Amino acid sequence: MSHYCLSNASLETPLQELAQVQAQRFFIEHSFHEAKSECGMADYQVRRWDAWHHHMALVMLATLFLVKQKMLGRKQWPMLSFNDLVTALAHMLPQRQLTTEDLADIIHKRHRRRLSAKKSSARRKVAFE
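If you use my numbering, the sequence shown corresponds to residues 4 to 132, in order.
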(Lines of atoms letter the chains of each structure in order from A and count residues from 1; the text may use other names and numbers.)
(Lines give C-alpha, C1' and ligand atoms only; values in the text may rest on other atoms or scores of the structure.)
Protein backbone atom coordinates (compact mmCIF):
# COMPACT_ATOMS: atom_id res chain seq x y z
CA MET A 1 0.00 0.00 0.00
CA SER A 2 1.40 3.38 -0.99
CA HIS A 3 1.10 6.44 1.17
CA TYR A 4 1.31 9.93 -0.30
CA CYS A 5 1.47 13.32 1.40
CA LEU A 6 1.25 16.84 0.11
CA SER A 7 3.39 19.56 1.62
CA ASN A 8 3.80 23.28 1.21
CA ALA A 9 7.39 23.11 2.51
CA SER A 10 10.11 24.63 0.38
CA LEU A 11 12.04 22.42 -2.04
CA GLU A 12 15.13 22.80 0.16
CA THR A 13 13.43 21.02 3.10
CA PRO A 14 15.29 17.77 3.81
CA LEU A 15 13.33 14.57 3.16
CA GLN A 16 14.17 13.36 6.69
CA GLU A 17 12.46 16.41 8.22
CA LEU A 18 9.34 15.87 6.08
CA ALA A 19 9.24 12.21 7.12
CA GLN A 20 9.58 13.14 10.82
CA VAL A 21 6.74 15.64 10.63
CA GLN A 22 4.52 13.10 8.86
CA ALA A 23 5.37 10.40 11.43
CA GLN A 24 4.26 12.70 14.26
CA ARG A 25 0.79 12.86 12.79
CA PHE A 26 -0.15 9.45 14.28
CA PHE A 27 0.64 10.63 17.81
CA ILE A 28 -1.25 13.89 17.34
CA GLU A 29 -4.33 12.08 16.01
CA HIS A 30 -4.08 9.55 18.85
CA SER A 31 -3.95 12.39 21.40
CA PHE A 32 -7.10 13.94 19.94
CA HIS A 33 -8.84 10.55 19.99
CA GLU A 34 -7.98 10.05 23.67
CA ALA A 35 -9.07 13.58 24.58
CA LYS A 36 -12.38 13.04 22.78
CA SER A 37 -13.11 9.59 24.18
CA GLU A 38 -11.80 9.90 27.75
CA CYS A 39 -11.82 13.63 28.58
CA GLY A 40 -15.04 14.76 26.91
CA MET A 41 -13.56 16.90 24.16
CA ALA A 42 -16.44 15.99 21.83
CA ASP A 43 -19.13 16.25 24.53
CA TYR A 44 -19.67 19.99 24.64
CA GLN A 45 -23.15 21.47 24.38
CA VAL A 46 -22.62 25.19 24.50
CA ARG A 47 -24.17 28.19 22.82
CA ARG A 48 -21.48 30.82 23.26
CA TRP A 49 -17.82 30.87 22.26
CA ASP A 50 -16.62 31.64 25.80
CA ALA A 51 -18.42 28.55 27.13
CA TRP A 52 -16.71 26.48 24.42
CA HIS A 53 -13.33 27.89 25.49
CA HIS A 54 -14.08 27.06 29.13
CA HIS A 55 -15.00 23.51 28.15
CA MET A 56 -11.85 23.07 26.06
CA ALA A 57 -9.68 24.48 28.89
CA LEU A 58 -11.12 21.86 31.27
CA VAL A 59 -10.55 19.13 28.67
CA MET A 60 -6.92 20.24 28.30
CA LEU A 61 -6.42 20.21 32.08
CA ALA A 62 -7.93 16.73 32.33
CA THR A 63 -5.76 15.53 29.44
CA LEU A 64 -2.64 17.02 31.05
CA PHE A 65 -3.49 15.29 34.34
CA LEU A 66 -3.92 11.92 32.60
CA VAL A 67 -0.68 12.34 30.62
CA LYS A 68 1.24 13.10 33.82
CA GLN A 69 -0.32 10.10 35.60
CA LYS A 70 0.51 7.89 32.62
CA MET A 71 4.13 9.06 32.73
CA LEU A 72 4.34 8.45 36.50
CA GLY A 73 3.01 4.90 36.13
CA ARG A 74 5.01 4.01 33.03
CA LYS A 75 7.63 1.86 34.83
CA GLN A 76 5.15 -0.17 36.85
CA TRP A 77 2.48 -0.43 34.11
CA PRO A 78 4.06 0.06 30.64
CA MET A 79 0.72 -0.56 28.87
CA LEU A 80 -1.23 1.97 31.00
CA SER A 81 -3.83 3.81 28.92
CA PHE A 82 -6.10 6.81 29.44
CA ASN A 83 -9.01 4.39 29.67
CA ASP A 84 -7.25 2.47 32.45
CA LEU A 85 -6.69 5.68 34.38
CA VAL A 86 -10.28 6.88 33.95
CA THR A 87 -11.57 3.48 35.09
CA ALA A 88 -9.29 3.58 38.16
CA LEU A 89 -10.37 7.13 39.01
CA ALA A 90 -14.05 6.25 38.68
CA HIS A 91 -13.49 3.38 41.11
CA MET A 92 -11.32 5.29 43.61
CA LEU A 93 -13.06 8.67 43.77
CA PRO A 94 -16.19 9.02 45.89
CA GLN A 95 -19.41 8.85 43.90
CA ARG A 96 -22.58 10.70 44.80
CA GLN A 97 -25.43 8.25 45.27
CA LEU A 98 -28.68 9.56 43.82
CA THR A 99 -31.87 9.10 45.76
CA THR A 100 -35.18 8.53 44.00
CA GLU A 101 -36.07 12.15 44.77
CA ASP A 102 -32.77 13.38 43.26
CA LEU A 103 -33.42 11.40 40.10
CA ALA A 104 -36.99 12.70 39.83
CA ASP A 105 -35.70 16.27 40.29
CA ILE A 106 -33.09 15.82 37.54
CA ILE A 107 -35.69 14.45 35.12
CA HIS A 108 -38.14 17.24 36.00
CA LYS A 109 -35.47 19.90 35.30
CA ARG A 110 -34.64 18.27 31.95
CA HIS A 111 -38.31 18.27 30.99
CA ARG A 112 -38.66 21.95 31.91
CA ARG A 113 -35.61 22.81 29.79
CA ARG A 114 -36.94 20.81 26.83
CA LEU A 115 -40.33 22.49 27.09
CA SER A 116 -38.68 25.90 27.27
CA ALA A 117 -36.57 25.09 24.19
CA LYS A 118 -39.66 23.94 22.26
CA LYS A 119 -41.55 27.14 23.15
CA SER A 120 -38.57 29.28 22.18
CA SER A 121 -38.27 27.46 18.86
CA ALA A 122 -41.98 27.93 18.17
CA ARG A 123 -41.71 31.68 18.93
CA ARG A 124 -38.79 32.01 16.50
CA LYS A 125 -40.71 30.19 13.77
CA VAL A 126 -43.69 32.51 14.21
CA ALA A 127 -41.42 35.57 14.16
CA PHE A 128 -39.91 34.55 10.81
CA GLU A 129 -43.22 33.78 9.11
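The beta-carbon is built from N, C-alpha and C at its ideal position, and this holds for glycine as well.
Only a predicted model underlies this, so the values are computations on that prediction, with no experimental measurement involved.
query: Taking contact to mean at least 3 C-beta pairs separated by less than 8 Å, is the segment 64–79 in contact with the segment 104–118?; result: no
query: Taking the alpha carbon of residue 90 as the point to measure from, which residue in 31, 42 and 104 has its own alpha carbon closest?; result: 42
query: By Cβ distance below 7 Å, which residues in the same chain neighbour residue 93 in space, the five residues on each side in sequence not counted?; result: none
query: In its own chain, which residues sit with a C-beta less than 6 Å from the C-beta of residue 85, not counting the 5 before and 5 after it?; result: 37, 41 and 69
query: In chain order, what residues of the same chain lie with their CB nearer than 7 Å to the CB of residue 10, ignoring the 5 residues before and after it?; result: 21
query: I'd like to check one pair, residue 8 with residue 27: are the Cβ atoms closer than 8 Å?; result: no
query: To the nearest angstrom, how far is it from the Cα of residue 48 to the Cα of residue 110?; result: 18 Å
query: Should residue 103 be labelled buried (16 or more other beta-carbon atoms within 10 Å of its own) or exposed?; result: exposed
query: Would residue 66 be called buried (16 or more neighbouring beta carbons within 10 Å of its own) or exposed?; result: buried
query: Buried or exposed: residue 62, going by 16 or more other Cβ atoms within 10 Å of its Cβ?; result: buried
query: May I have a chain-ordered list of the alpha helix (DSSP H) segments no shorter than 4 residues that lie completely inside the segment 42–82?; result: 52–75
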